[in-house]
Amino acid sequence: MSAPAVAVPAVRRVPTRLAGLLVLAGVLVAVCAASLAWGARDLAPGTVWDALVAPVAGNNDHAVVRELRVPRTVVGLLAGVALGVAGALMQGLTRNPIADPGLLGVNAGSSLAVVGAISLLGVGSAAGFVWFAFLGAAVAALTVYGVASVGWGSVTPVKLALVGAAFAAVATSAVTLVLLTDEKALAQYRFWQVGSLVNRPWSTIAVLAPFVLAGLLLAAGTGRFLNAVALGDDLAHGLGQNVVLGRLVVLAAVVLLCGAATSLAGPIAFVGLMVPHVARAVVGPDHRWVLPYAALLGPVVLLVADVVGRLVAQPSEIEAGLVVAVLGAPVLIALVRGTKAVGS
Amino acid sequence: MTLTAERLHLAYDKREVVHGIDLTVPTGAVTVVVGANGCGKSTLLRGLGRLLKPAAGRVTLDGRDVATVGTRRLAAEVGLLPQQPVAPEGITVADLVGRGRYPHQGAFRRWTADDRAVVAHALAATGTHDLAERRMDELSGGQRQRVWIAMALAQQTGVLLLDEPTTYLDVAHQVEVLDLLATVNRERGTTVVMVLHDLNLAARYADHLVVMADGRVLTEGAPADVLTEETVRAAFGLSCVVVPDPVTGGPLVVPVSAARPATPSTV
Chain A
172 MSAPAVAVPA VRRVPTRLAG LLVLAGVLVA VCAASLAWGA RDLAPGTVWD ALVAPVAGNN
232 DHAVVRELRV PRTVVGLLAG VALGVAGALM QGLTRNPIAD PGLLGVNAGS SLAVVGAISL
292 LGVGSAAGFV WFAFLGAAVA ALTVYGVASV GWGSVTPVKL ALVGAAFAAV ATSAVTLVLL
352 TDEKALAQYR FWQVGSLVNR PWSTIAVLAP FVLAGLLLAA GTGRFLNAVA LGDDLAHGLG
412 QNVVLGRLVV LAAVVLLCGA ATSLAGPIAF VGLMVPHVAR AVVGPDHRWV LPYAALLGPV
472 VLLVADVVGR LVAQPSEIEA GLVVAVLGAP VLIALVRGTK AVGS
Chain B
507 MTLTAERLHL AYDKREVVHG IDLTVPTGAV TVVVGANGCG KSTLLRGLGR LLKPAAGRVT
567 LDGRDVATVG TRRLAAEVGL LPQQPVAPEG ITVADLVGRG RYPHQGAFRR WTADDRAVVA
627 HALAATGTHD LAERRMDELS GGQRQRVWIA MALAQQTGVL LLDEPTTYLD VAHQVEVLDL
687 LATVNRERGT TVVMVLHDLN LAARYADHLV VMADGRVLTE GAPADVLTEE TVRAAFGLSC
747 VVVPDPVTGG PLVVPVSAAR PATPSTV
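Sequence order for the protein chains is A and B.
For the first sequence, the working numbering begins at 172 and goes up steadily by one.
For the second sequence, the working numbering begins at 507 and goes up steadily by one.
Quick look at the structure:
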């Protein structure tokens, strides 16, 4: 076959995109370092380093680093990766650029389960919330998917979005109802709900990390499926993808990732929405690249938000979930306006 | 590679649209399916492409029931292009055409020199290689349709199913796209099955014409034999005059309309 000399950009861009991933990984390391180094207590970089490599028992500075900042950074990493990837999966699966994990009712389901646990069962610790948050996320996703698949035809993105929105509305009203009648629950819930990386014990992190890992493993194999499904279900089928199976794998990954992230850090909505947009702006619509970029961008965004939240309101703090929304909204708007201008 | 439908019944939910069709698609030829709106021609195409499970009967490829063939195996043998496919925002032509290689790539098989050559060939065959780096949303409707066909060609299937590949194109681009498909059929021996609305284009490009009415095959065969005034009346409820196409000599359907009655000199 005498192929004419045609450049196939998909191949030529690979080195550039790999380099971009490396740069992003470097940025993530720097952000992690900042998250360990900066906080309410002013510590010299040397002290932070010593705390990591040669901790002295009874040293308060070392204790701050090891018991507060390290877990906090790890939580930010895990939740950030999970939310970034889950957002990319949801937007890819639903072919909806404004989809986020909240669309499946995952956040609302988590919230409802946590409120129920606080109010009805008297669960009071973050470690206790974890399982309820996870359970709520899973039940919500399964319910929404189940209801959306009833009736004519297959599960379409539109059906998922509608059922998800309805479920979220119902769950959110139920949450409000409980909180209005139970002041004690309101106080505890507010702290969880705002999206914070603080005070998550190692035991909680150790329990949830495998879920994030499992979700990432599932997600890693879905790039080609999402690329095919982006062309529509018919073409995806025509390109040899098992659409039903692929969709279930993606949803399982979303539940694992979002359930874990929400359990760890509360319902942080904006990361999952914004990160995939930024990733696509950089690498285009190829999910085999969008997913790894989102996996690195997610924790960068979440940790930057967390560090900024610590620094701007000293000696107090602003929770990462709030900072993300405040910083992220202008970025997202700029990005959307940018693509519009190019498109037209 | 022979594609057949055997007593094929197709239904959406409980509503049956195709009622027991027997059809043998001639291998290496261009088959065009025509019929009135809602006669089930697109549904038949979806059934042949296994987008729709038969309510009864079966579709076979070389004698095998396609329901028993793996999805990816089948995708390497039967390609399909739905009506009005949608490209993801910002996708480039080369990226899109490259996705046509998916059925040939296993879970861990990466992009190879062979894939690259096939994609380059598909771009060249459709006259889209100059567009390779452009984004789909920058192209005209005719260019876009050629890119979709390039993607289907990159899939390297023996059979290609197309649902109204000329919808929303102006007449020049309709001819351009159909010429392209005729060339693909001639040069690669690809079996082409497509649904068309325009009877005259159907007559011109079909080796085998299938006329459907009410979920059944009304008649099939060479356009010159099949496309008669009686057939058009039966399938479309339209009175017409069939004259020789001044360009090809094939049948040309000229409708008779109530608001513009025939003058005595012409009929």
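Backbone N, C-alpha and C fix where the C-beta goes; we use that ideal spot for every residue, glycine too.
Quick check on the burial criterion: 16 or more other C-beta atoms within 10 angstroms. Buried or exposed for residue i?
i, result
"Asn543 of chain B", "exposed"
"Val677 of chain B", "exposed"
"Lys520 of chain B", "exposed"
"Pro591 of chain B", "buried"
"Ile269 of chain A", "exposed"
"Ala484 of chain A", "exposed"
"Lys330 of chain A", "buried"
"Pro501 of chain A", "exposed"
"Tyr674 of chain B", "exposed"
"Ala319 of chain A", "buried"
"Lys355 of chain A", "exposed"
How about residue i: is its C-beta nearer than 8 Å to some C-beta of chain A?
i, result
"Glu595 of chain B", "yes"
"Tyr711 of chain B", "no"
"Tyr674 of chain B", "no"
"Thr689 of chain B", "no"
"Ala656 of chain B", "no"
"Pro671 of chain B", "no"
"Leu684 of chain B", "no"
"Val592 of chain B", "yes"
"Thr577 of chain B", "yes"
"Arg694 of chain B", "no"
"Leu550 of chain B", "no"
"Asp601 of chain B", "yes"
"Ala511 of chain B", "no"
"Gly664 of chain B", "no"
"Arg605 of chain B", "yes"
"Leu516 of chain B", "no"
"Pro609 of chain B", "yes"
Taking 8 Å as the threshold (C-beta atoms), are residue j and residue i in contact?
i, j, result
"Asp477 of chain A", "Ser281 of chain A", "no"
"Val346 of chain A", "Val286 of chain A", "yes"
"Val224 of chain A", "His233 of chain A", "no"
"Thr375 of chain A", "Val294 of chain A", "no"
"Arg371 of chain A", "Leu427 of chain A", "no"
"His515 of chain B", "Gly563 of chain B", "yes"
"Ala423 of chain A", "Thr393 of chain A", "no"
"Val503 of chain B", "Leu715 of chain B", "Residue 503 of chain B lies beyond the stretch modelled for chain B, which goes from 507 to 773, so this question has no answer here."
"Arg237 of chain A", "Ala222 of chain A", "yes"
"Gly604 of chain B", "Gln661 of chain B", "no"
"Ala284 of chain A", "Leu306 of chain A", "yes"
"Leu567 of chain B", "Leu509 of chain B", "yes"
"Gly775 of chain B", "Arg710 of chain B", "Nothing in the structure corresponds to residue 775 of chain B, since chain B is present only between 507 and 773."
"Leu506 of chain A", "His448 of chain A", "yes"
"Leu666 of chain B", "Leu684 of chain B", "no"
"Val717 of chain B", "Gly541 of chain B", "yes"
"Gly386 of chain A", "Ala431 of chain A", "yes"
Where does residue i sit, in a helix, a strand or coil, going by DSSP?
i, result
"Cys545 of chain B", "coil"
"Pro175 of chain A", "Bear in mind that the predicted position of Pro175 of chain A carries a pLDDT of just 47, short of 50, making it too unreliable to give a figure here."
"Tyr464 of chain A", "helix"
"Glu354 of chain A", "helix"
"Ile489 of chain A", "coil"
"Thr566 of chain B", "strand"
"Thr347 of chain A", "helix"
"Val383 of chain A", "helix"
"Ile439 of chain A", "coil"
"Pro186 of chain A", "helix"
"Pro216 of chain A", "helix"
"Ala270 of chain A", "coil"
"Arg508 of chain A", "helix"
"Ala535 of chain B", "coil"
"Pro594 of chain B", "coil"
"His703 of chain B", "coil"
Return no unless some Cβ of chain B is closer than 8 Å to the Cβ of residue i.
i, result
"Gly332 of chain A", "Looking at the sequence provided, one finds Ala at residue 332 of chain A rather than Gly. No, no contact with chain B."
"Leu402 of chain A", "yes"
"Ala399 of chain A", "yes"
Next item on the list: Quick one: which residues of the stretch 404 to 421 of chain A get their C-beta closer than 8 Å to a C-beta of chain B? List them in chain order.
Entry: The residues in question are Asp405, Leu406, His408, Gly409, Leu410, Gly411, Gln412, Asn413.
Next item on the list: Could you list the residues in the stretch 450 to 464 of chain A with a C-beta less than 8 Å from some C-beta on chain B, going in chain order?
Entry: Those residues of the stretch 450 to 464 of chain A that come within reach of chain B (Cβ to Cβ, closer than 8 Å) are Arg451, Gly455, Pro456, Asp457.
Next item on the list: Residues of the stretch 382 to 397 of chain A with a CB closer than 8 Å to any CB of chain B: list them in chain order, please.
Entry: Residues of the stretch 382 to 397 of chain A whose Cβ lies closer than 8 Å to any Cβ of chain B, in chain order: Gly392, Arg395.
Next item on the list: Pull out every residue of the stretch 558 to 582 of chain B whose Cβ sits closer than 9 Å to any Cβ of chain A, in chain order.
Entry: Cβ contacts with chain A come from Gly576, Thr577, Arg578, Arg579, Leu580, Ala581, Ala582.
Next item on the list: Could you please tell me which residues of the stretch 736 to 749 of chain B, in chain order, have their CB closer than 7 Å to any CB of chain E?
Entry: Any reference to chain E falls outside this structure, whose protein chains are A and B.
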